[in-house]
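Numbering (the numbering used here), first residue to last: 3 to 258.
In what follows, a structure is listed as structure tokens, so that the remarks can point back to it.
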């Protein structure tokens, strides 16, 4: 079943048929998944066994993916506005076979409750390849993560998917980025920007986020500013992240 709440501001809920992940790029260095998976593993929660291990005094993801069949099935009946699927994993992780990925998509397709499913992956090449045979209805939004120059190639993979709503999660934003080419050609329908938080957080300069907002404004693409970088960002109620005195929580609109 879906979690009833999430701290991920751009989603209304999460559901995790897959548990566990592994690091593939600089954005992954301080991922929240490791700490949360370790807690779930210690509590004996289903699917988390063996997903995190101790290594030289640190907790690291093993790459083992736990799969919970009942949560794949639950995607058929969940009702929420924006459901982030596999926030504790990566839907297109190399250790998940094609059949399991296809079953997730079949369950999302079968949902008739008006739920929009958000898939965000760092395995963009596999996403692009599988997208050619997967059925991707309008309520499945497909995205990728790009927080540094070396990850921008993922947007070319995203362009190849069949999703009507394609988005990028620019978080953590680690350096100045120019995503203009993918805004101009219509690849991107939504842009999320956020700074890193927690232990080892890396600073996002406000000017970097402002520059991406201006790029989005040039092409009328919705922009969502999640948070500034900090060890523990203040809550939105205390310190809402703003640019030009405005909170930027824009969402894509599906046109009939």
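Where is the CB? At the ideal position from N, CA and C, for every residue including glycine.
All values derive from a computational prediction rather than experimental measurement.
Among the candidates the options, whose CA atom is the shortest distance from the CA of residue i?
i           : options           : result
residue 20  : 169, 230, 105     : 105
residue 221 : 187, 203, 71      : 187
residue 95  : 75, 146, 57, 46   : 146
residue 207 : 216, 178, 111     : 178
residue 79  : 219, 148, 112, 87 : 112
residue 203 : 115, 42, 55, 28   : 28
residue 36  : 219, 225, 201     : 201
residue 246 : 126, 109, 219     : 219
residue 115 : 75, 108, 254, 81  : 81
residue 129 : 141, 9, 107       : 107
residue 181 : 47, 154, 58       : 154
residue 64  : 86, 133, 24       : 24
residue 250 : 210, 194, 150, 84 : 194
residue 55  : 214, 163, 66      : 66
residue 26  : 248, 77, 205, 150 : 150
residue 18  : 99, 58, 68        : 68
Can you tell me where the alpha helix (DSSP H) holding residue i begins and where it ends?
i           : result
residue 63  : First-last for residue 63: 60-63, but that is the beta strand (DSSP E), not the alpha helix (DSSP H).
residue 218 : 208-220
residue 126 : 126-133
residue 102 : 100-112
residue 182 : 182-186
In the DSSP output, what is residue i paired with across the bridge?
i           : result
residue 168 : 144
residue 232 : 199
residue 155 : DSSP lists no partner for residue 155.
residue 227 : 195
residue 10  : Residue 10 pairs with nothing; no bridge assigned.
residue 251 : 226
residue 21  : 68
residue 244 : 249
Please classify residue i as buried or exposed, where buried requires at least 16 neighbouring CB atoms within 10 angstroms.
i           : result
residue 152 : exposed
residue 103 : buried
residue 92  : buried
residue 73  : buried
residue 217 : buried
residue 88  : buried
residue 228 : buried
residue 135 : exposed
residue 160 : buried
residue 260 : This structure gives no information on residue 260, because the portion of the chain shown stretches from 3 to 258.
residue 198 : buried
residue 43  : buried
residue 90  : buried
residue 125 : buried
residue 256 : exposed
residue 110 : buried
residue 244 : exposed
residue 45  : exposed
residue 259 : Only positions 3 to 258 of the chain appear in this structure, which leaves residue 259 out of reach.
Checking contacts by CB at 7 Å: is residue i closer than that to chain B?
i           : result
residue 204 : In the structure shown, chain B does not exist; there is a single protein chain.
Grab the span of the beta strand (DSSP E) containing residue i for me, first residue to last.
i           : result
residue 87  : 84-87
residue 72  : First-last for residue 72: 71-76, but that is the alpha helix (DSSP H), not the beta strand (DSSP E).
residue 123 : 118-123
residue 37  : It is not in any beta strand (DSSP E) - residue 37 instead sits in the alpha helix (DSSP H) that spans 34-44.
residue 56  : 54-57
The stretch 215-234 in contact with the stretch 45-56 per 3-pair CB rule at 8 Å | Taking 8 Å as the limit for Cβ pairs, the verdict is that the stretch 45-56 does not touch the stretch 215-234.
Using 8 Å as the Cβ pair cut-off and three pairs as the minimum, do the stretch 189-206 and the stretch 163-180 touch?
-> Flag = yes, the stretch 189-206 and the stretch 163-180 touch.
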